[in-house]
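Asks: Residue numbers (the numbering used here): 246 to 996. Every residue gets a Cβ at the ideal spot worked out from N, C-alpha and C, and that includes glycine.
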């Protein structure tokens, strides 16, 4: 058994063995949250870069996107029935449940091709003329140009517009084959221009202010402001295409349900043009509404004028019959009872005749199933039922009274009906002269000063949020796909072996390694000597303490330190552990058994010559290869000359004898061996040492590599005692286990 000194009280710890996992499992939720924070910290620069790129993309889009403005207006729909027949208004309460909402009807008419087509024709919205800009950025650059005149071309791109260009296209007639096709106009000197078809074939040449014709195309340009050579895009769309494009930008809806106020809005890139188009839509719609109602009054008046002569004849006939009967029978007076019945009959008959005439008028416009006709039929049915009851009363009167009653009724009914129709016809004539629609403009079109999209602040915020989401997704996806070991807990869980120490990343050691790589190493180029307060050195002192327990049952005092592959920091662990052991007062020897690439001598400022190779070869004695270091109780044995057969040398009995002699002379012997998976040297040396420690480096190799290393050593009869986890990112695990714990673990001497 190797007798190591008792550790100071401040350094005594219990080796982290698998049995302790229960205490960690109790904190799973906290560890998971800390792990997320640690991952974010580890990839903070990547995450920040993704967010920054997304933000730049959003800002670029906000700069390049064409600003879209909004113009709006208000219309009011008056809730009344048109047509000129006042009896229809009385039927309105009966029809409200079945008749279509007038606002809905007006909304459909407002967005109809009948209205929008007239707007397209009047404003020539089927014509398109714009300067040609550099793709993606040209339009944005031109929008931000504030100089006078036309901008100079950028980078020699003279065919593109860069700001200040203007064109007004008043007419463009094309053959059907060129309808909807882009034509290219090239500005020339002194208002001249040339027009080319999509195949770059010349169609015509012309002058601003004059109609030009050629190649089946005719156009008139009233204004052209551009550098000679600047290109413009001209196009004539079909009428239906222009209407559909206008409809896509138009929105109309009732502002508040039941208010009869229609809100109309139009979107587009040019505020002045928006107000012009929207005002034209309003005027066209109101005009057709008036025309529609005027036509309805005309139809009703025409119907009444055909009925008036017929009613006049009926009235004359009734009066003649009444007068003749009175002459024949003498003066016959009506009793008060008969007069009362006559009055009721006249009122019923007049109402029935009036509704029948209105029904005839409606049948010219509606089918019998229309709710308006159904309502009239229902009212006529009720009137006829009441009339039949009056007929029953009349039948009980004397014969003379019945005859005079019938004749008087005919005269009275026809008189009332004729007078009523005369009045209605006169009202319609007056209404026709001053017809107004049932819609009126409440607010004329006004365009907002600021664009409604893109909303730059919102675009930027969404871009940053999207960058955050995408960045987080990529970070956690990368972590899921990552197979390397980056946490000492993974080793203890998967392999069931203790991790005796976790060595944090040391920036100072990186600097030392850089110096040694440039071959400028001399005495003192060891982290444990140069910066003994470094956290990595503190962890090595913790490892010194745990070794007290790990080597208690070892066969000898030789400790093999190796790893699975190169670049894990095993030599760093070996030489600095040797220093901290020597600083505790023990006699320590360190042997560089990496006969192929061993560089342990550089850290001590020693020569490679006269080392293991010379001793095993019998060229040198033990006292000749033992080399003093900066510490009196720390001796080092370098590799010596690099042999052609390092494995055979390590299998030689003299190497085993070397270790046996060192075990007698020193309290502990540290052997730095080559990587296990690279060569067999470590497996050879491991059979001669009392304990073996494997060095694992955070994020450097997959778990399967460590498993294979343990298996390879076990096949050679070497039992791995545990691990040293090197190059740990303390900042990352600080968030997992808590900041204070790590300060205590690595810096407790400072506190």
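Quick check: the Cα distance between residue 1044 and residue 862, rounded to an integer number of angstroms?
Replies: Outside the displayed span of the chain (246 to 996) sits residue 1044, for which this structure offers no information.
Asks: If you run the structure through DSSP and keep just helix, strand and coil, what is residue 311?
Replies: Within the chain shown, numbered from 1, the residue matching residue 311 stands at position 66. It is coil, neither helix nor strand.
Asks: Whose C-alpha, out of 351, 300 and 905, is nearest the C-alpha of residue 538?
Replies: On the chain shown, position 293 is the one that residue 538 refers to. Among 351, 300 and 905, the Cα nearest to that of residue 538 is on 351.
Asks: Can you tell me which of the three DSSP states residue 414 falls into?
Replies: Here the question's residue 414 lines up with position 169 in the chain shown. In the structure shown, residue 414 sits in a strand (DSSP, three-state: E or B).
Asks: Taking the alpha-carbon positions, what's the residue 420 to residue 375 distance?
Replies: As a first step, residue 420 is located in the chain shown; it is residue number 175 there, counting from the start. As a first step, residue 375 is located in the chain shown; it is residue number 130 there, counting from the start. Approximately 21 Å between the Cα atoms of the pair.
Asks: So, helix, strand or coil for residue 686, using DSSP?
Replies: Stepping through the chain shown from its first residue, residue 686 is reached at position 441. DSSP places residue 686 in strand when its eight states are reduced to three.
Asks: Considering only the beta carbon of each residue, do residue 911 and residue 943 sit closer than 8 Å?
Replies: Counting from one through the chain shown, the residue named residue 911 turns up at place 666. Counting from one through the chain shown, the residue named residue 943 turns up at place 698. In this structure, residue 943 does not lie closer than 8 Å to residue 911 by Cβ.
Asks: Thinking residue 358 and residue 488 are a contact (beta carbons under 8 Å), I'd like their distance in whole angstroms, please.
Replies: As a first step, residue 358 must be located in the chain shown, where it is residue number 113. As a first step, residue 488 must be located in the chain shown, where it is residue number 243. So it is a contact: roughly 6 Å between Cβ atoms.
Asks: With 16 as the cutoff for other CB atoms within 10 Å, does residue 887 come out buried or exposed?
Replies: The count along the chain shown starts at 1 and reaches residue 887 at position 642. When all chains shown are included, residue 887 counts as exposed.
Asks: Taking 8 Å as the threshold, find out whether the region 461 to 471 comes into contact with the region 411 to 418 through three or more Cβ pairs.
Replies: Yes: the two stretches touch, three or more of their Cβ pairs being nearer than 8 Å.
Asks: If I measure Cβ to Cβ from residue 814 and keep anything under 7 Å in the same chain, skipping five residues before and after, which residues do I get?
Replies: The count along the chain shown starts at 1 and reaches residue 814 at position 569. The residues are 940, 942, 971 and 972.
Asks: By the three-class DSSP mapping on this structure, what secondary structure does residue 536 have?
Replies: Position 291 of the chain shown holds residue 536. Correct three-state label for residue 536: helix.
Asks: Contact defined as beta carbons within less than 8 Å: I believe residue 300 pairs with residue 712. What is the distance between those atoms, to the nearest angstrom?
Replies: Position 55 of the chain shown, counted from the first residue, corresponds to residue 300. Position 467 of the chain shown, counted from the first residue, corresponds to residue 712. Confirmed, Cβ separation roughly 6 Å.
Asks: Report yes if the CB atom of residue 807 is closer than 8 Å to the CB atom of residue 914, and no otherwise.
Replies: The count along the chain shown starts at 1 and reaches residue 807 at position 562. The count along the chain shown starts at 1 and reaches residue 914 at position 669. The answer is no: Cβ separation not under 8 Å.
Asks: Apart from the five residues just before and just after residue 772, which ones in its own chain have a Cβ nearer than 8 Å to its Cβ?
Replies: Start at 1 with the first residue of the chain shown, and residue 772 comes out as number 527. Contacts found: 751, 753, 754, 757, 779, 781, 782, 817 and 821.
Asks: Confirm, please, whether the CB-CB distance from residue 856 to residue 870 is below 8 Å.
Replies: As a working note, residue 870 is residue 625 in the chain shown. As a working note, residue 856 is residue 611 in the chain shown. Contact: yes.
Asks: Does the count of Cβ pairs from the region 699 to 710 and the region 519 to 539 closer than 8 Å reach three?
Replies: Not touching, per the Cβ criterion.
Asks: The beta strand (DSSP E) spanning residue 821 covers which residue range?
Replies: On the chain shown, position 576 is the one that residue 821 refers to. It is not in any beta strand (DSSP E) - residue 821 instead sits in the alpha helix (DSSP H) that spans 815 to 828.
Asks: By how many angstroms is the C-alpha of residue 606 removed from the C-alpha of residue 551?
Replies: On the chain shown, residue 551 is found 306 positions in, with the first residue counted as 1. On the chain shown, residue 606 is found 361 positions in, with the first residue counted as 1. Roughly 11 Å separates the two Cα atoms.
Asks: Give the DSSP bridge partners of residue 476, in chain order.
Replies: Reading the chain shown from its first residue, position 231 is the one you call residue 476. According to DSSP, which records beta bridges pairwise, residue 476 is partnered with 431.
Asks: Residue 885 to residue 903, Cα distance in whole Å?
Replies: By one-based count along the chain shown, residue 885 stands at place 640. By one-based count along the chain shown, residue 903 stands at place 658. Residue 885 and residue 903: Cα-Cα distance of roughly 14 Å.
Asks: Give the single residue among 656, 319 and 521 whose Cα lies nearest to the Cα of residue 367.
Replies: Here the question's residue 367 lines up with position 122 in the chain shown. Nearest option by C-alpha distance: 521.
Asks: Residue range of the beta strand (DSSP E) that residue 745 falls in?
Replies: Along the chain shown, read from residue 1 onward, the residue named residue 745 stands at position 500. Where residue 745 is concerned, the enclosing beta strand (DSSP E) stretches over 744 to 749.
Asks: In angstroms, rounded to a whole number, what distance separates the CA positions of residue 479 and residue 672?
Replies: As a working note, residue 479 is residue 234 in the chain shown. As a working note, residue 672 is residue 427 in the chain shown. Cα-Cα distance, rounded: 54 Å.
Asks: Should residue 933 go down as buried or exposed, given a rule of 16 or more other Cβ atoms within 10 Å for buried?
Replies: The residue given as residue 933 occupies position 688 in the chain shown. Under this definition residue 933 is a buried residue.
Asks: Per DSSP, residue 807 forms a beta bridge with which residues?
Replies: Position 562 of the chain shown holds residue 807. Bridge partners of residue 807: 939.
Asks: With residue 997 as the anchor, note down where its alpha helix (DSSP H) starts and where it stops.
Replies: Residue 997 is absent from the model: the chain starts at 246 and stops at 996.
Asks: Inspect the CB distances between the region 545 to 560 and the region 653 to 666 and report whether three or more fall short of 8 Å.
Replies: Touching, yes.
Asks: Do residue 718 and residue 805 have their beta-carbon atoms positioned less than 8 Å apart in this structure?
Replies: Here residue 805 refers to the residue found at position 560 of the chain shown. Here residue 718 refers to the residue found at position 473 of the chain shown. Cβ atoms of residue 805 and residue 718: not closer than 8 Å.
Asks: Does residue 852 pass the burial test, meaning 16 or more other C-beta atoms within 10 Å, or should it be called exposed?
Replies: Numbered from 1 along the chain shown, position 607 holds the residue referred to as residue 852. It counts as exposed.
Asks: Please return the same chain residues whose Cβ sits closer than 6 Å to the Cβ of residue 426, not counting the five positions on each side in sequence.
Replies: Looking up residue 426 in the chain shown gives position 181. Cβ within range, chain order: 443.
Asks: Using the beta-carbon count (16 or more within 10 Å), is residue 919 buried or exposed?
Replies: Here residue 919 refers to the residue found at position 674 of the chain shown. So residue 919 counts as buried.
Asks: Residue 971 bridges to which residues according to DSSP?
Replies: To locate residue 971, count along the chain shown from 1; it is residue 726. Residue 971 is bridged to 942.
Asks: Mind checking whether residue 411 and residue 470 have CB atoms under 8 Å apart?
Replies: Start at 1 with the first residue of the chain shown, and residue 411 comes out as number 166. Start at 1 with the first residue of the chain shown, and residue 470 comes out as number 225. It is a contact, given that the beta carbons lie within the stated cut-off.
Asks: Locate the beta strand (DSSP E) running through residue 860, then write down its first and last residues.
Replies: Translated into the one-based positions of the chain shown, residue 860 becomes position 615. Not the beta strand (DSSP E): residue 860 falls in the alpha helix (DSSP H), residues 857 to 861.
Asks: Alpha carbon to alpha carbon, how far is residue 696 from residue 309?
Replies: Taking the chain shown and counting its residues from 1, the one referred to as residue 696 is at position 451. Taking the chain shown and counting its residues from 1, the one referred to as residue 309 is at position 64. Cα to Cα, residue 696 sits roughly 14 Å from residue 309.
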